[in-house]
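Everything on this sheet refers to the single structure shown next.
2 protein chains.
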Amino acid sequence: MIPSENEIDVVVKRAEAGFQFLQQCNVIERAKLMHTIADEIEAMGTVLIETAHLETALPVGRLEGEKVRTVNQWRMYGDAVRTGLYTEARIDQNLGGQIDLRKYNSGIGPVLVFGASNFPFAFSTAGGDTASALGAGCAVIVKAHPAHVRTSQLMADAIHRGISSYGAPAEIFSHVVSDSFEIGQQLVKHPLVKAVAFTGSFAGGKALFDLGQSRPDPIPVFAEMGSINPVFVLPDYLKNNAETFAKQYIGSLTLGQGQFCTNPGVLIGLSGERFDTLKAYLGAEIQTISAGKMLHQGIADHYIRLKNERVECDGVRILAQGKANVEEGFAQAILVEADAACVLTNPELLEEVFGPFGLVISCADRHEMEVLMSRLAGQISLTFAATEGDMREYQELFTLAQNKCGRLLFQGMPTGVEVKYAMQHGGPFPATTDPRFTSVGPDAIKRFIRPISFQNWPDEFLPKELQNGNPLQIERLVNQQWTKD
Amino acid sequence: MIPSENEIDVVVKRAEAGFQFLQQCNVIERAKLMHTIADEIEAMGTVLIETAHLETALPVGRLEGEKVRTVNQWRMYGDAVRTGLYTEARIDQNLGGQIDLRKYNSGIGPVLVFGASNFPFAFSTAGGDTASALGAGCAVIVKAHPAHVRTSQLMADAIHRGISSYGAPAEIFSHVVSDSFEIGQQLVKHPLVKAVAFTGSFAGGKALFDLGQSRPDPIPVFAEMGSINPVFVLPDYLKNNAETFAKQYIGSLTLGQGQFCTNPGVLIGLSGERFDTLKAYLGAEIQTISAGKMLHQGIADHYIRLKNERVECDGVRILAQGKANVEEGFAQAILVEADAACVLTNPELLEEVFGPFGLVISCADRHEMEVLMSRLAGQISLTFAATEGDMREYQELFTLAQNKCGRLLFQGMPTGVEVKYAMQHGGPFPATTDPRFTSVGPDAIKRFIRPISFQNWPDEFLPKELQNGNPLQIERLVNQQWTKD
Numbered sequence: 031m032i033p034s035e036n037e038i039d040v041v042v043k044r045a046e047a048g049f050q051f052l053q054q055c056n057v058i059e060r061a062k063l064m065h066t067i068a069d070e071i072e073a074m075g076t077v078l079i080e081t082a083h084l085e086t087a088l089p090v091g092r093l094e095g096e097k098v099r100t101v102n103q104w105r106m107y108g109d110a111v112r113t114g115l116y117t118e119a120r121i122d123q124n125l126g127g128q129i130d131l132r133k134y135n136s137g138i139g140p141v142l143v144f145g146a147s148n149f150p151f152a153f154s155t156a157g158g159d160t161a162s163a164l165g166a167g168c169a170v171i172v173k174a175h176p177a178h179v180r181t182s183q184l185m186a187d188a189i190h191r192g193i194s195s196y197g198a199p200a201e202i203f204s205h206v207v208s209d210s211f212e213i214g215q216q217l218v219k220h221p222l223v224k225a226v227a228f229t230g231s232f233a234g235g236k237a238l239f240d241l242g243q244s245r246p247d248p249i250p251v252f253a254e255m256g257s258i259n260p261v262f263v264l265p266d267y268l269k270n271n272a273e274t275f276a277k278q279y280i281g282s283l284t285l286g287q288g289q290f291c292t293n294p295g296v297l298i299g300l301s302g303e304r305f306d307t308l309k310a311y312l313g314a315e316i317q318t319i320s321a322g323k324m325l326h327q328g329i330a331d332h333y334i335r336l337k338n339e340r341v342e343c344d345g346v347r348i349l350a351q352g353k354a355n356v357e358e359g360f361a362q363a364i365l366v367e368a369d370a371a372c373v374l375t376n377p378e379l380l381e382e383v384f385g386p387f388g389l390v391i392s393c394a395d396r397h398e399m400e401v402l403m404s405r406l407a408g409q410i411s412l413t414f415a416a417t418e419g420d421m422r423e424y425q426e427l428f429t430l431a432q433n434k435c436g437r438l439l440f441q442g443m444p445t446g447v448e449v450k451y452a453m454q455h456g457g458p459f460p461a462t463t464d465p466r467f468t469s470v471g472p473d474a475i476k477r478f479i480r481p482i483s484f485q486n487w488p489d490e491f492l493p494k495e496l497q498n499g500n501p502l503q504i505e506r507l508v509n510q511q512w513t514k515d
Numbered sequence: 031m032i033p034s035e036n037e038i039d040v041v042v043k044r045a046e047a048g049f050q051f052l053q054q055c056n057v058i059e060r061a062k063l064m065h066t067i068a069d070e071i072e073a074m075g076t077v078l079i080e081t082a083h084l085e086t087a088l089p090v091g092r093l094e095g096e097k098v099r100t101v102n103q104w105r106m107y108g109d110a111v112r113t114g115l116y117t118e119a120r121i122d123q124n125l126g127g128q129i130d131l132r133k134y135n136s137g138i139g140p141v142l143v144f145g146a147s148n149f150p151f152a153f154s155t156a157g158g159d160t161a162s163a164l165g166a167g168c169a170v171i172v173k174a175h176p177a178h179v180r181t182s183q184l185m186a187d188a189i190h191r192g193i194s195s196y197g198a199p200a201e202i203f204s205h206v207v208s209d210s211f212e213i214g215q216q217l218v219k220h221p222l223v224k225a226v227a228f229t230g231s232f233a234g235g236k237a238l239f240d241l242g243q244s245r246p247d248p249i250p251v252f253a254e255m256g257s258i259n260p261v262f263v264l265p266d267y268l269k270n271n272a273e274t275f276a277k278q279y280i281g282s283l284t285l286g287q288g289q290f291c292t293n294p295g296v297l298i299g300l301s302g303e304r305f306d307t308l309k310a311y312l313g314a315e316i317q318t319i320s321a322g323k324m325l326h327q328g329i330a331d332h333y334i335r336l337k338n339e340r341v342e343c344d345g346v347r348i349l350a351q352g353k354a355n356v357e358e359g360f361a362q363a364i365l366v367e368a369d370a371a372c373v374l375t376n377p378e379l380l381e382e383v384f385g386p387f388g389l390v391i392s393c394a395d396r397h398e399m400e401v402l403m404s405r406l407a408g409q410i411s412l413t414f415a416a417t418e419g420d421m422r423e424y425q426e427l428f429t430l431a432q433n434k435c436g437r438l439l440f441q442g443m444p445t446g447v448e449v450k451y452a453m454q455h456g457g458p459f460p461a462t463t464d465p466r467f468t469s470v471g472p473d474a475i476k477r478f479i480r481p482i483s484f485q486n487w488p489d490e491f492l493p494k495e496l497q498n499g500n501p502l503q504i505e506r507l508v509n510q511q512w513t514k515d
């Protein structure tokens with residue numbers, strides 16, 4: 031549906047009714063609902079893949095993989111909900127004449143999700159934000175990403191089939207199609223909306239965050255706003271691994287036309303012979319990379335504009351480029367280089383260029399590398415191409431890194447974000463608006479819960495999660511001990 | 031110390047250094063530190079109690095109890111840290127050629143704590159905010175409450191003795207004495223401060239929250255800003271309990287001159303004979319209450335001003351008053367009454383009057399009671415003086431209540447906040463700025479942590495909490511199973 035301004039209120043009020051329903055659902059019921067939705071998404075045939083391919087230019091193989099990931103997310107988050115991990119049931123019984131106190135986590139209220147353009151399945155309408163919000167017990171309103179509206183509608187339909195097949199009211203999920211910025215603003219400002227999830231640009235995310243905080247009642251706005259995901263390549267590692275590393279780095283940088291929030295857009299090393307050798311390998315490698323079509327024309331235009339700005343910056347030199355393609359919407363990969371001194375005086379060079387753009391920074395010495403690390407803004411990830419010898423040698427660098435990011439990598443590349451309990455996908459501002467939470471992995475559910483305590487509450491009126499008999503058989507912290515009894 | 035504006039920067043940089051130290055401390059070390067501090071507070075003799083009594087006018091017996099509570103908080107939170115509960119270690123091992131990923135919670139950074147006036151021990155310099163922030167691994171800067179500076183200094187000295195006796199650097203705790211609002215603002219705005227905790231007025235808390243959100247990098251500001259803690263008294267309960275309830279309610283309302291954030295400032299019932307009987311009991315009871323001295327003259331003046339405003343509001347009638355005392359700084363308890371219709375058209379009547387002030391609201395019928403419930407702002411607590419029969423009869427009221435507060439009580443009174451795992455002390459805005467967290471109970475530690483993932487990180491360089499051998503013997507989620515192995 032494409033809502034008029036007046037219809038926004040209707041949508042949100044329906045979501046509030048859906049939330050009232052979900053609040054009465056226990057963890058087993060919510061887990062079943064999530065599995066039912068997963069089944070419906072899985073059952074969708076080639077039309078989903080073909081539609082997404084047409085709308086996003088992403089290759090069929092990648093989309094098929096992303097669909098599997100999306101289905102798995104619903105199931106994994108559902109299983110996580112089922113265990114009661116996010117219920118965090120705590121029971122302090124009435125021992126020795128004190129009060130009986132029980133606490134659990136409930137959904138925070140209707141959640142507004144903005145679909146992202148770069149993952150039309152896994153971070154969009156039926157993506158991790160929607161799955162984790164429903165898992166938390168919240169009704170969801172998705173504002174479809176305008177760049178893949180038909181894909182979004184197919185996903186919304188699948189979710190509604192799942193909801194209907196489970197037997198829940200349709201109100202627990204709403205799909206809003208509009209390319210009007212004002213509609214998004216109105217939704218964020220609506221008093222019944224209680225949290226917002228967004229993945230996209232800094233400008234977009236920060237505007238939504240500010241809007242959420244300026245409401246009469248501020249609400250959490252989880253915006254993931256990108257990152258340059260610096261890779262530090264250290265001398266001992268470089269000694270034997272320059273060639274393989276160059277292939278790995280350029281592969282990660284240009285994967286999916288660099289359209290990942292974990293794209294390693296900056297490479298930092300110590301100037302000298304080894305680093306020069308690496309640069310030669312990097313240059314050779316990127317020249318083999320074909321231009322690819324970007325998600326949509328707007329992203330392609332933005333990429334070209336920022337790339338040109340960087341290239342024109344004093345002190346920045348082109349190291350090498352990928353193959354060109356002058357067709358509309360295609361992105362030519364590029365590596366540029368600069369000295370750390372130049373970067374430190376031009377901090378905009380450390381801002382994200384969304385696409386296959388890499389900046390190679392040469393540091394004069396260890397101190398300059400540490401200064402550069404300390405000047406970094408918050409990042410989703412930081413990667414060290416290092417040996418254990420390097421870790422001993424550059425201890426200060428590793429210590430500084432811990433306060434700069436959500437995920438630290440030893441070797442490997444930051445792209446390929448696995449959906450796991452131990453994943454932290456988020457980082458200090460401006461990578462996200464709230465480094466205390468992740469948007470990937472079951473812990474993403476934590477974003478949409480809030481605790482409620484019940485004091486001396488009669489057993490039969492308690493949520494099942496807190497009743498004496500533990501009918502859902504979840505782990506609970508009873509009188510300071512974890513137990514299912 | 032009383033800092034000049036320029037010294038603020040020095041204080042915060044020292045705290046950052048302290049934070050770097052704490053980040054290297056594991057949960058066992060932090061727990062030991064907290065116990066050492068607890069011992070030092072416990073060891074303080076009568077000078078602490080006498081100083082606090084002089085500065086706050088709180089009775090010696092109350093202060094002795096609050097000191098015990100404060101010591102217990104440090105120990106309980108320390109024990110909670112020791113278990114690893116808030117570390118939330120998650121390990122997804124390298125099975126089948128995937129990556130090895132490990133995540134744990136680390137301190138968020140230096141935390142700024144504003145001491146509260148109404149609990150000079152338990153919510154002030156050495157209170158729950160400081161204990162939970164240190165437990166999370168954060169250095170703490172306390173801005174002492176100007177109303178009890180000497181008490182605050184004694185507590186700060188005890189904390190420093192504990193830190194020194196444990197062998198940690200003094201930088202992990204700083205004590206700032208100033209009655210300048212600007213100093214507080216500067217501290218909130220300092221780039222190295224990463225979170226703020228405050229308990230006090232709505233105006234103060236909201237101003238700090240806005241300041242925190244308007245920083246170039248917004249930070250969490252946990253402000254607990256008070257509540258009217260409505261008590262709904264239902265007909266079946268009232269049938270047999272009017273007299274005992276009246277004693278209980280007036281006792282709770284006037285306890286400590288009503289200077290608790292859980293003070294039950296509003297009583298709501300259905301008009302009729304039973305409610306009239308209750309009002310008679312309430313009136314008789316409050317007339318027995320002596321005026322007490324308030325925390326400081328500013329609070330007393332504020333109480334008298336707001337009380338007079340309420341009394342002068344059209345439709346508000348005085349039901350009864352406690353004994354008068356014309357001495358400076360004393361508060362005379364008062365009960366006023368109004369019809370729900372009057373309250374619904376004068377919503378300011380539902381704002382907090384900090385002190386022994388109770389508003390008794392008569393609802394014409396069940397519907398009006400539900401409307402009143404739905405109009406309530408977010409509350410710390412909501413209490414039902416009800417029977418199980420009432421719960422069945424007034425189901426809608428109980429459903430509505432769940433989204434209005436952090437703690438639901440069946441009978442009993444909201445004052446007397448027990449420090450337990452299952453305690454939720456917090457509620458939807460404007461009771462607090464973030465209903466997802468509690469400021470009482472070990473879960474208060476959650477406010478000051480953030481997760482960090484380590485991917486393929488060499489074992490010996492991992493924090494002990496995540497190493498293969500589990501040297502700290504904490505519970506961890508390993509490959510989706512809880513274990514100490």
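Heads up: the protein sequence lines correspond to chains C and D, in order.
Heads up: the first sequence begins at 31 in the numbering used here, then just goes up one per residue.
Heads up: the second sequence begins at 31 in the numbering used here, then just goes up one per residue.
Idealized CB from N, CA, C, for every residue including glycine.
Model, not experiment: these values are computed from the prediction.
Pop quiz: residue i and residue j are said to be a contact at Cβ under 8 Å. What is the actual Cβ separation, rounded to whole angstroms?
{"i": "D/LYS337", "j": "D/GLY359", "result": "Not quite, the Cβ-Cβ distance comes to about 14 Å (not below 8 Å), so this is no contact."}
{"i": "D/PRO294", "j": "D/ASP420", "result": "About 18 Å; that fails the 8 Å criterion."}
{"i": "D/GLU448", "j": "C/LEU406", "result": "In fact, because the Cβ distance is near 44 Å, the residues do not count as touching under 8 Å."}
{"i": "C/ILE479", "j": "C/TYR116", "result": "6 Å"}
{"i": "C/LEU325", "j": "C/THR86", "result": "5 Å"}
{"i": "C/GLU367", "j": "C/LYS309", "result": "7 Å"}
{"i": "C/ILE138", "j": "C/LEU164", "result": "Not really, about 12 Å apart at Cβ, beyond 8 Å."}
{"i": "D/GLU382", "j": "D/GLY256", "result": "5 Å"}
{"i": "C/VAL77", "j": "C/LEU142", "result": "Their Cβ separation, rounded to whole angstroms, is 28 Å, which puts C/VAL77 and C/LEU142 out of contact at 8 Å."}
{"i": "C/THR413", "j": "C/ASN271", "result": "With 8 Å as the limit, C/THR413 and C/ASN271 do not qualify as a contact, their Cβ atoms being about 13 Å apart."}
Kindly list the residues whose CB is nearer than 8 Å to the CB of residue i, restricted to its own chain and excluding five residues on each side of it in sequence; keep chain order.
{"i": "C/PRO465", "result": "GLY408, GLY436, GLY456, GLY457, PRO458 and PHE459"}
{"i": "D/ALA350", "result": "LEU312, GLY313, ALA314, ILE316, GLN317, ILE364 and LEU365"}
{"i": "D/PRO89", "result": "HIS83"}
{"i": "C/PRO481", "result": "GLU118, LYS133, TYR134, ASN135 and SER136"}
Verify whether the separation of the beta carbon atoms of residue i and residue j is less than 8 Å.
{"i": "D/THR13", "j": "D/TYR267", "result": "Residue 13 of chain D lies beyond the range of chain D shown here (31 to 515); nothing can be said about it."}
{"i": "C/VAL251", "j": "C/PHE262", "result": "no"}
{"i": "C/SER411", "j": "C/PRO386", "result": "no"}
{"i": "C/ALA394", "j": "C/LYS353", "result": "no"}
{"i": "D/GLY114", "j": "D/VAL206", "result": "no"}
Leaving out five residues before and five after residue i in sequence, what residues of the same chain have Cβ atoms less than 7 Å from its Cβ?
{"i": "C/ILE280", "result": "LEU312, GLU315, ILE316 and ILE319"}
{"i": "D/SER162", "result": "TYR107, ALA474, ILE475, ARG477 and PHE478"}
{"i": "D/ALA198", "result": "PHE51 and LEU63"}
Would the beta-carbon of residue i be found less than 7 Å away from any heavy atom of the ligand COA?
{"i": "C/SER282", "result": "No copy of the ligand COA occurs in the structure displayed, which carries no ligand at all."}
For residue i, which residues in the same chain have their Cβ closer than 6 Å to its Cβ, ignoring the five residues on either side in sequence?
{"i": "C/VAL101", "result": "ALA68, ILE71 and GLU72"}
{"i": "C/ALA166", "result": "GLY137, ILE475, PHE478 and ILE479"}
Touching by the beta-carbon criterion (3+ pairs, under 8 Å), the segment 52 to 66 of chain C and the segment 105 to 117 of chain C: In this structure the segment 52 to 66 of chain C touches the segment 105 to 117 of chain C; the number of beta carbon pairs closer than 8 Å is three or more.
Output needed in chain order: residues of the segment 38 to 66 of chain C with a Cβ under 9 Å from some Cβ in chain D. PHE49, GLN50, GLN53 and GLN54
Positions along the segment 434 to 447 of chain C whose CB lies within less than 7 Å of some CB in chain D: GLY436, ARG437, LEU438, LEU439, PHE440, GLN441 and GLY442
Inter-stretch contact (C-beta, 8 Å, three-pair minimum) for the segment 327 to 345 of chain D and the segment 376 to 384 of chain D: yes
Cβ pair count under 8 Å reaching 3, the segment 214 to 223 of chain D against the segment 174 to 185 of chain D: Contact between the segment 214 to 223 of chain D and the segment 174 to 185 of chain D is absent: fewer than 3 CB-CB pairs across the two stretches fall below 8 Å.
Going along the segment 131 to 165 of chain C in order, which residues come within less than 8 Å of chain D, judged by CB to CB distance? Taken in chain order, the members of the segment 131 to 165 of chain C whose beta-carbon sits within less than 8 Å of a beta-carbon on chain D are LEU131, ARG132, LYS133, SER136, ILE138 and GLY139.
Determine, using beta-carbon pairs with one atom in the segment 164 to 177 of chain C and one in the segment 146 to 154 of chain C, whether at least three such pairs fall under 8 Å. yes
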